[in-house]
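A.B. asks: Numbering (our numbering), first residue to last: 15 to 404. No residue lacks a Cβ here, since even glycine has one placed at the ideal position from N, Cα and C.
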């Protein structure tokens, strides 16, 4: 992908990857508490990144309480309360499994880390890279390390039998709370304890916002191979039906299928269908469409309004993208709270099944001024029932 097609996304990816590697090294003991990390210049030379990118990563780690700066001495892995004192053997240890540490989940992990640190609990991190076999191996490693409970982002969307996979996770010897995963197709038959983003609600709010701006013919562009796609499509379709909009144009392709040429074809299809506004999942696809619209001579937002779904780097696009922003930090923090409550209260704690609605962050790409726009809220709706499985 040419840098001009997706402004700053490459830099953002490198920053997030560096952040994930540094965090993992601190949490797994590569840099024990009190040890000195490389200087900014040395790390920049080693990684090929700019000193500014390295400094930004260190500043974020300081904000998380994972490292500390010492004037004239350097950057050191922080001594955290969970690492000190004779009571360490009795403190809670929580295993966390995510599929990716570069995109989406860094903010979820920040929420988890914040809550566990406040409770004096320790985190052990594993990554599955969306590979079911690697996921199973990671769960076994976490259990063998002596964790008291698990926060899991399993690959339910690719499982042949998601219900059976969920039953396997519920049968683990320690309590497990699912993060950004649930058995949506099971309805009230879903037995899992989970905290998720209400992606249906986020897509619904985006469509309603575009309708309020006067758009009647919409397009939906999505990655076909992501777990978030199905609820986004469902919320989009429900909003179109509820609001009486014209039949929309839907464009689906795998993540690897989205490139400048694919975006050019998508924009041509949108123009032919008379579409005036598009919801794109995710930021990369929206940035590609933005560049393709420019090549086609279209003005954004005058000729084509855009809303991105994700808000990872929507603000650094050539025209800052209005975006549906999942409450990632709050999802992680609440999931950690629920697991800690489960570890304390056992079956006396109700089964938590929580969805948090995203908010709509209004920027230039949709044609509405932020002050005039009602934003979606990060309110949560929870279904609670007595727990017998944990």
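(1) Excluding five sequence neighbours on each side, which residues of the same chain lie with their C-beta closer than 6 angstroms to the C-beta of residue 260?
(2) Name the residue from 308, 321, 106 whose alpha carbon lies nearest to the alpha carbon of residue 159.
(3) In whole angstroms, what separates the C-alpha of residue 60 from that of residue 224?
(4) Is it the case that the Cβ atoms of residue 378 and residue 321 are separated by a distance below 9 angstroms?
(5) Where do the ends of the alpha helix (DSSP H) carrying residue 303 lie?
(6) Where in the segment 168 to 226 do unbroken runs of the beta strand (DSSP E), each at least 3 residues long, occur, reported from the N-terminal end onward?
(7) Would you mind giving the Cβ-Cβ distance between residue 212 and residue 51, rounded to the nearest angstrom? I have them listed as a contact below 8 angstroms.
(8) Helix, strand or coil: how does DSSP classify residue 243 here?
(9) I think residue 299 touches residue 237, with their Cβ atoms under 8 angstroms apart; what is that distance to the nearest whole Å?
(10) Just grab the DSSP bridge partners of residue 321 for me.
(11) Give the DSSP-derived three-state secondary structure of residue 67 in the structure shown.
(12) Between the Cα of residue 328 and those of 38, 73, 118, 53, spot the shortest distance and give me the residue it belongs to.
(13) Can you grab the Cα-Cα spacing for the pair residue 303 / residue 342, in whole Å?
(14) Let's see if you can read the secondary structure: which residues bound the alpha helix (DSSP H) around residue 343?
(15) Give the secondary structure of residue 102 by DSSP, where H, G and I count as helix, E and B as strand, and everything else as coil.
(16) Distance check for residue 324 and residue 337, CA to CA, integer angstroms please.
(17) Return the chain-ordered list of same chain residues with a C-beta closer than 8 angstroms to the C-beta of residue 116, the five sequence neighbours on each side being excluded.
(18) Kindly give me the distance between the Cβ atoms of residue 253 and residue 281, rounded to whole angstroms, as I take these residues to be in contact under 8 angstroms.
(19) Residue 89 by DSSP, collapsed to three states: which one?
(20) By how many angstroms is the C-alpha of residue 75 removed from the C-alpha of residue 127?
(21) Can you tell me whether residue 301 is buried or exposed, with buried defined as 16 or more other CB within 10 angstroms of its CB?
(22) Which same chain residues end up closer than 6 angstroms to residue 121 when comparing Cβ atoms and leaving out the 5 residues on each side of it in sequence?
(23) For the candidate residues 255, 228, 221, 214, whose alpha-carbon lies nearest to that of residue 242?
(24) Would the segment 138 to 152 and the segment 198 to 208 be scored as touching if the rule is three or more Cβ pairs under 8 angstroms?
(25) Going by DSSP, what residues sit across from residue 141 in a beta bridge?
(26) On the criterion of 16 or more Cβ atoms from any shown chain inside 10 Å, does residue 49 qualify as buried, or is it exposed?
(27) If you drop the 5 nearest sequence neighbours on each side, which residues of the same chain put their C-beta closer than 6 angstroms to that of residue 100?
(28) At what residues does the beta strand (DSSP E) containing residue 373 begin and finish?
(29) By DSSP, does residue 155 sit in helix, in strand, or in coil?
(30) In angstroms with no decimal places, state the Cα-to-Cα distance between residue 41 and residue 256.
(31) Quick one: give me the first and last residue of the alpha helix (DSSP H) that residue 285 is part of.
C.D. replies: Let me lay it out:
(1) 230, 231
(2) 106
(3) 46 angstroms
(4) no
(5) 297 to 309
(6) 190 to 193, 208 to 211
(7) Going by Cβ atoms, the distance from residue 212 to residue 51 rounds to 39 angstroms, so no, they are not a contact pair.
(8) helix
(9) 7 angstroms
(10) 293, 336
(11) helix
(12) 118
(13) 25 angstroms
(14) 342 to 359
(15) Any reading at residue 102 must be qualified, since the residue scores a pLDDT of 42, below 50, and its modelled position is unreliable; no value is offered.
(16) 7 angstroms
(17) 27, 30, 31, 34
(18) Not really, about 23 angstroms apart at Cβ, beyond 8 angstroms.
(19) strand
(20) 11 angstroms
(21) buried
(22) 342, 343
(23) 214
(24) no
(25) 112
(26) exposed
(27) Only weak support is given to the placement of residue 100: the predicted model assigns it a pLDDT of 38, under 50, and the value that follows is read from those uncertain coordinates. Within the same chain, residue 100 has no close Cβ partners at all.
(28) 373 to 375
(29) helix
(30) 48 angstroms
(31) 274 to 286
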